[in-house]
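A.B. asks: Take a look at this one; I'll ask things after.
Protein chains in written order, with this note's numbering: chain A, 890 to 1281; chain B, 423 to 582.
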């Protein structure tokens, strides 16, 4: 007689493929997943609560620690929201905008490299992991030269940038980006034609466009289901409308389609970085808004006026008028948005983060129920989740 | 369809339900009665094309009446326009109907709103806490919830 009972097992919170502290409770019928229930919150740090007790400038370092694989993108979303709240969006100097795009796209490469590395490693392809991390190390070095930190960059500022790019860095970035298409060919050479890779991801984690929209999936995960929507093109910010790039849409709806979508997106990012480097002209990096932006570091440490100016902004902050704004940016994982409510005080009255990974993870049960337990690992990889952002 | 025509349609259809319309930095916010929230959302999704729920959250205006606002950020993938819907919720009667039947996205977002803000969503398919532990007491994002957490003295600054 067949055994009709299902078995419930825990995957995580310490499973190597859960990309952080994620617990999945799986109800199994043999090897088939009947029900998957994600449990999250293990990394909850109360970022939104903390933000209500800090000035707008002081909130910025908290945003690095959301999606820690793409910190500059979180910085960007936050500073754009504050700038919109202040009404100084048009006052951001050209150079600051170009540098923001340049680093945002480098960050996209960095994030996608970790996605590919871990996704392949989860499925059993060890070599790709090592190659991807080799390239990621270059981007980390660029990060370090730009901001002083490898991961928690905290580089953008409300009104512009915290510092200008170091001299000669543009040439280094160009050399790196020139090498990138060749590296992507290597990854594709290792994976795309690989029969095991194909068997493990083709037809796995299928989600239709309707379901994906209904569940709020964004980013490459949505574009892999044939929905042509990218905020960089459709609601351009930081001057993305001036760049020539393709929005990659794949029709397959499965992990294979999302794999191709992200790889092609990396090639598009390289194109955007080249264009940004071409546009990079000397100029100011901070908006002319002395009541909001911090004075240049040189003035702070060399003149008494600069020091007083710096002190006033750090201790008192600035007071946006009463109002509320929402700004969403196209992170490597999907749409990350900041909803800010101002009551006229120097601190956000309420900050709500729209985390891309949190909402994408909600689609996981839909994508893996009815498939094999081994496919759950592929689905976690293809959703490209980061628990720091999910739990906030 | 522009945001303006969407708002006009909403006003024509729901009349008294619309409590106010405001614009700030080019973003339109419509405040509606919470009793009609599901009808308003279904209408906006089916007839006006706001097929994507970007975000949902609660805001605590402690000291004001009504105390809470539940905020829905909508997006129209066809026309790339955004619209914000807000529904006021009283402190004594802190619940409203779930919109998870309209957009499945709302499921987890409403769980988060219940967990952190203490607003109950009627008929929610899975009304559990999501970020805080299941046995947690209180709702941390409320303005009267101390930053240090419960049962702890507020930080007094550096000791002399």
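Glycine included, C-beta positions come from ideal geometry on N, C-alpha and C.
For clarity, every value in this text was computed on a predicted model and none was experimentally measured.
Against chain D, with Cβ distances strictly below 9 Å, would residue 1239(A) count as a contact?
C.D. replies: In the structure shown, chain D cannot be found, because the protein chains are A and B.
A.B. asks: Give the interface partners of residue 562(B) over in chain A, defined as CB-CB distance under 7 Å, in chain order.
C.D. replies: Simply 935, 938.
A.B. asks: Going by DSSP, name the residue or residues bridged to residue 544(B).
C.D. replies: Residue 544(B) is bridged to 519(B).
A.B. asks: Checking contacts by CB at 9 Å: is residue 962(A) closer than that to chain B?
C.D. replies: No, no contact with chain B.
A.B. asks: Please classify residue 511(B): is it buried, with 16 or more other beta-carbons within 10 angstroms of its beta-carbon, or exposed?
C.D. replies: Burial call: buried.
A.B. asks: With 9 Å as the threshold, decide whether the Cβ of residue 1134(A) is near any Cβ in chain B.
C.D. replies: For residue 1134(A), the answer is no, since every Cβ of chain B falls outside 9 Å of its Cβ.
A.B. asks: The beta strand (DSSP E) with residue 565(B) in it runs from where to where?
C.D. replies: Looking at the DSSP string, residue 565(B) is not in any beta strand (DSSP E), and its letter there is neither H nor E.
A.B. asks: Which residues does DSSP pair with residue 444(B) in a beta bridge?
C.D. replies: Looking at the DSSP assignment, residue 444(B) forms a beta bridge with 451(B).
A.B. asks: Between 1249(A), 1269(A), 1216(A), 1204(A), which lies nearest to residue 945(A) when the distance is taken from Cα to Cα?
C.D. replies: Among 1249(A), 1269(A), 1216(A), 1204(A), the Cα nearest to that of residue 945(A) belongs to 1204(A).
A.B. asks: Looking at the unbroken alpha helix (DSSP H) that takes in residue 1087(A), where does it start and where does it end?
C.D. replies: Note, residue 1087(A): alpha helix (DSSP H), 1084-1090.
A.B. asks: Smallest Cα separation from residue 541(B): which of 576(B), 482(B), 522(B)?
C.D. replies: Nearest C-alpha to residue 541(B): 482(B).
A.B. asks: Report the option in 1184(A), 1221(A), 1252(A), 904(A) whose CA atom is closest to the CA atom of residue 1046(A).
C.D. replies: Closest by alpha carbon: 1184(A).
A.B. asks: So is residue 438(B) in contact with chain A if we call contact Cβ pairs under 9 Å?
C.D. replies: It does not: the Cβ of residue 438(B) has no partner Cβ on chain A nearer than 9 Å.
A.B. asks: Against residue 465(B), what residues of chain A qualify as contacts under a CB-to-CB distance less than 9 Å, listed in chain order?
C.D. replies: None at all; the shortest Cβ gap to chain A is about 17 Å.
A.B. asks: Go ahead and pull the three-state DSSP assignment for residue 653(B).
C.D. replies: Nothing can be reported for residue 653(B): it is not among the residues displayed for chain B, which extend from 423 to 582.
A.B. asks: Against chain B, does residue 1251(A) count as a neighbour if the rule is that its beta carbon must be under 9 Å from one of theirs?
C.D. replies: Chain B contact via Cβ: present.
A.B. asks: Can you list the residues of chain A that residue 489(B) reaches, using a CB-CB cut of under 7 Å?
C.D. replies: Under the 7 Å cutoff, chain A gives no residues; its nearest Cβ is about 13 Å from residue 489(B).
A.B. asks: Extract the residue ranges of the alpha helix (DSSP H) inside the segment 446-505 of chain B, only unbroken runs of 4 or more that lie entirely within it.
C.D. replies: List check, alpha helix (DSSP H) in window: 459-468.
A.B. asks: Touch check for the segment 1048-1057 of chain A and the segment 972-989 of chain A: three-plus C-beta pairs under 8 Å?
C.D. replies: In short, these stretches touch, since the Cβ pair count reaches three.
A.B. asks: At a Cβ cut of 8 Å, what residues of the segment 441-453 of chain B count as close to chain A, listed as they run along the chain?
C.D. replies: Residues passing the 8 Å Cβ filter: 446, 447, 449, 451.
A.B. asks: State the start and end residues of the unbroken beta strand (DSSP E) segment that holds residue 1041(A).
C.D. replies: Counting along the chain, residue 1041(A) falls outside any beta strand (DSSP E), and DSSP gives it neither H nor E.
A.B. asks: Please indicate yes or no: does the CB of residue 548(B) lie closer than 8 Å to some heavy atom of the ligand NAP?
C.D. replies: The ligand content of the structure shown is nil, which means the ligand NAP is not present either.
A.B. asks: Is any beta-carbon of chain A found at less than 9 Å from that of residue 530(B)?
C.D. replies: Output row for residue 530(B): interface = yes.
A.B. asks: Should residue 1187(A) be labelled buried (16 or more other beta-carbon atoms within 10 Å of its own) or exposed?
C.D. replies: With fewer than 16 Cβ atoms within 10 Å of its Cβ, residue 1187(A) is classed as exposed.
A.B. asks: Give the C-beta separation of residue 1243(A) and residue 476(B) to the nearest angstrom, bearing in mind that I take them to be a contact with Cβ-Cβ under 8 Å.
C.D. replies: At roughly 6 Å, the Cβ-Cβ gap stays under 8 Å, so residue 1243(A) and residue 476(B) are in contact.
A.B. asks: Is the Cβ-Cβ distance between residue 1239(A) and residue 943(A) less than 9 Å?
C.D. replies: Contact flag unset, no.
A.B. asks: From the DSSP output, in three-state form, read off residue 1207(A) for me.
C.D. replies: Three-state DSSP puts residue 1207(A) in coil, outside helix and strand.
A.B. asks: At a Cβ threshold of 9 Å, is residue 1214(A) touching chain B?
C.D. replies: Answer yes: the Cβ-Cβ gap between residue 1214(A) and chain B drops below 9 Å somewhere.
A.B. asks: What separation, rounded to the nearest whole angstrom, lies between the Cα atoms of residue 1070(A) and residue 561(B)?
C.D. replies: About 49 Å.
A.B. asks: Between the segment 1219-1230 of chain A and chain B, which residues of the former have a C-beta closer than 8 Å to a C-beta of the latter?
C.D. replies: If the cut-off is 8 Å between Cβ atoms, the segment 1219-1230 of chain A has 1224, 1226, 1228, 1230 near chain B.
A.B. asks: List the DSSP bridge partners of residue 918(A).
C.D. replies: Its beta-bridge partners are 921(A).
A.B. asks: Across the segment 991-1000 of chain A and the segment 1255-1268 of chain A, are there enough close Cβ pairs to call them in contact, namely three or more that are closer than 8 Å?
C.D. replies: At 8 Å Cβ cutoff, the stretches do not touch.
A.B. asks: Rounded to whole angstroms, what's the CA-CA distance from residue 1197(A) to residue 492(B)? Just pull it up for me.
C.D. replies: Between residue 1197(A) and residue 492(B), the C-alpha separation is close to 41 Å.
A.B. asks: Using CA coordinates, which residue listed in 933(A), 1130(A), 1215(A), 1207(A) is at the minimum distance from residue 1282(A)?
C.D. replies: This structure cannot settle anything about residue 1282(A), because the visible part of chain A is limited to 890 through 1281.
A.B. asks: CA-CA distance, residue 1096(A) and residue 1040(A)?
C.D. replies: Cα-Cα distance, rounded: 32 Å.
A.B. asks: If you drop the 5 nearest sequence neighbours on each side, which residues of the same chain put their C-beta closer than 6 Å to that of residue 959(A)?
C.D. replies: If we look at residue 959(A) and ignore the five residues flanking it on each side, its Cβ neighbours are 996, 1000, 1220, 1221.
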